[in-house]
Structures are given as structure tokens and as C-alpha cells.
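One structure below.
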Amino acid sequence: MAKTAARKISSAGNQSFTPYKPKKGEEYMSEAQLDHFRSILNGWKKDLMAEVDRTVDHMKDEAANFPDPADRATQEEEFSLELRTRDRERKLIKKIDDTMGLINNGEYGYCETCGVEIGLRRMEARPTATQCIDCKSLDEIKEKQTRGK
Ligand SMILES: [Zn+2]
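My numbering puts the first residue of the sequence shown at 757, with every later residue one more than the last.
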């Protein structure tokens, strides 16, 4: 029970891909590199959309099949978890779409805060990253401080 709800969404889904090996002297975010990331993002989005469909089907199948109120309560809890999971998946899909936009207008792979190259390996680990590690960590520290006040 509730296996689907407990499923963890990793940063790039369950996809496997071959890490990109830039040719000697190849510029950062060359057309070939952008294609590499497009295919990672597309595959990830497809997985997520299949997940969303599966969740909806699963909920339709199981809805209102329990006459016992205790069973129904458990089921409702399970459903609300699934809904939250689906919500997260939807947000991720939106983020992937936004990222595709960055690829198309040539802003992909650069830190939106300081403008440095985020780097191939980090982009492969987090294909939707919009900040370099330094800016990201700094933001997280600031966020913690703001919340502490
Ligand atoms: Zn930065």
C-alpha cells in the first residue's frame, strides 16, 4: 500500500544516460551538448507524464471500493499523498518546460545569479539547475537566516 506515494523523485528521474564527453576544444553548451540535455529533459518529462497518468488511473480504480470507514480513511490518506506526489510531478514538468525555454534561447547552463558556467557534470546531475553551486549554497544560507528571524 501507498508504495506509489512513497516513491522518491530523483533529480533526473530513473533515467540512465551516458555522461557527455566534450571533444577537445569544444565550447561550453555547444549544439551537441544542448542536444544531449534536450534528450535528458525530454526523457525525464516523458517518465513524469507517464507517472501522472498512472497515478490518476490508480485512483480511479480504487475509488470508493471500501465499505469500512477505517479502510476508507486509510484510502483517503493514501490518496492525499498521491495527490501531493502528482502535484510535485506537475511542478517538475513545468520546470522542465521552462528549462527547455532556456535551452532554446541560449541561456541554459549559466548561473542566473552570477552568470558563470554551471558546468556539464552539475547540469547532468541536476538538468534543471539555474544556479552555480556557490550561488545556490549562498541562497540556502540566506533563506535559513531569513526564516530564523
Ligand atoms: Zn552563480
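C-beta: ideal position from N, C-alpha, C; glycine also.
Subject >> With 16 other Cβ atoms within 10 Å as the buried cut-off, status of residue 782 >> reply: The sequence position of residue 782 within the sequence shown is 26, counting from 1. Counting Cβ neighbours within 10 Å, residue 782 comes out exposed, since fewer than 16 surround it.
**OP:** Please state whether DSSP places residue 832 in a helix, a strand or coil.
**Re:** By 1-based counting over the sequence shown, the position of residue 832 is 76. The answer is helix: DSSP assigns residue 832 an H, G or I state.
Subject >> Buried versus exposed, by CB contacts within 10 Å (16 or more), residue 774 >> reply: Counting from one through the sequence shown, the residue named residue 774 turns up at place 18. Label assigned to residue 774: exposed.
**OP:** Could you name the residues that DSSP lists as bridge partners for residue 866?
**Re:** Here residue 866 corresponds to residue number 110 of the sequence shown, with the count starting at 1. For residue 866, which the question treats as bridged, DSSP gives the partners 873.
Original post:
Any idea what DSSP makes of residue 825, helix, strand or coil?
Top reply: Stepping through the sequence shown from its first residue, residue 825 is reached at position 69. In the structure shown, residue 825 sits in a helix (DSSP, three-state: H, G or I).
**OP:** Give me the Cβ distance between residue 801 and residue 852, rounded to the nearest whole Å; I'm assuming they're in contact under 8 Å.
**Re:** Working through the sequence shown from its first residue, we reach residue 801 at position 45. Working through the sequence shown from its first residue, we reach residue 852 at position 96. Right, the Cβ-Cβ distance comes to about 5 Å (below 8 Å), so this counts as a contact.
Subject >> Residue closest to residue 857, alpha-carbon to alpha-carbon, out of 840, 883, 807 and 904 >> reply: Numbered from its first residue, the sequence shown carries residue 857 at position 101. Of the candidates 840, 883, 807 and 904, the one whose C-alpha sits nearest the C-alpha of residue 857 is 883.
Original post:
Mapping DSSP to helix, strand and coil, what is residue 781?
Top reply: Locating residue 781 in the sequence shown gives position 25, counting from the first residue. Residue 781 falls in the coil class under three-state DSSP.
**OP:** Specify the secondary structure class of residue 861 as computed by DSSP and reduced to three states.
**Re:** As a first step, residue 861 is located in the sequence shown; it is residue number 105 there, counting from the start. Coil at residue 861, not helix or strand.
Subject >> Reduced DSSP category for residue 793 - H, G, I as helix; E, B as strand; rest coil >> reply: Position 37 of the sequence shown holds residue 793. Correct three-state label for residue 793: helix.
**OP:** Report, in whole angstroms, the separation of the C-beta atoms of residue 842 and residue 808, which I expect to be a contact under 8 Å.
**Re:** The residue you call residue 842 lines up with position 86 of the sequence shown. The residue you call residue 808 lines up with position 52 of the sequence shown. Right, their Cβ atoms sit about 6 Å apart.
Original post:
From 792, 784 and 786, pick the residue whose C-alpha is nearest to that of residue 776; which is it?
Top reply: For the purposes of this step, residue 776 is taken as residue 20 along the sequence shown, with counting starting at 1. The option with the nearest alpha carbon to residue 776 is 792.
**OP:** Return yes when the C-beta of residue 890 is under 7 Å from any heavy atom of ligand 1, and no when it is not.
**Re:** As a working mapping, residue 890 is identified with position 134 in the sequence shown. Correct: residue 890 has its Cβ closer than 7 Å to ligand 1.
Subject >> Cβ-heavy atom distance, residue 886 to ligand 1, below 7 Å >> reply: For this step, residue 886 is matched to residue 130 along the sequence shown. It does not: the Cβ of residue 886 is nowhere closer than 7 Å to a heavy atom of ligand 1.
Original post:
Using the rule of at least 16 other Cβ atoms within 10 Å of the residue's Cβ for burial, across every protein chain shown, is residue 902 buried or exposed?
Top reply: In the sequence shown, counting from the first residue as 1, residue 902 sits at position 146. The residue is exposed, with fewer than 16 neighbouring Cβ atoms inside 10 Å.
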